[in-house]
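Have a look at the structure below before the remarks.
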Amino acid sequence: MEEFFNNVSRYPRYLITFTLGIFLTALSPLLPLFRRPSTAIATVAMLIAFFVFISFTLRAMLGLNGV
Numbered sequence: 251m252e253e254f255f256n257n258v259s260r261y262p263r264y265l266i267t268f269t270l271g272i273f274l275t276a277l278s279p280l281l282p283l284f285r286r287p288s289t290a291i292a293t294v295a296m297l298i299a300f301f302v303f304i305s306f307t308l309r310a311m312l313g314l315n316g317v
């Protein structure tokens, strides 16, 4: 596994391309929802709620702050 990270660190363009590919693949199903304002607002609200939920869950699991 260490060799993998050493190899990737030698090729920053590969790392950037790989990361952008993951994000584009994950976000491409959501792009049609941003064409209409009503679905765009709902999509943004759901994404924010998802990240807040994950944040609170991780804080509670790791005991970082009293929630």
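Residue numbering for the sequence shown follows our numbering, beginning at 251 and increasing consecutively.
Note that CB positions come from ideal geometry on N, CA and C, so glycine has one too.
Since the model is a prediction, treat every value here as computed from it, not as a measurement.
DSSP places G271 within a helical segment (H, G or I) once states are collapsed to three.
The distance from the Cβ of F301 to that of T293 is about 13 Å, inconsistent with a contact at the 8 Å cut-off. Rounded to the nearest whole angstrom, the C-alpha separation of L274 and I266 is 12 Å.
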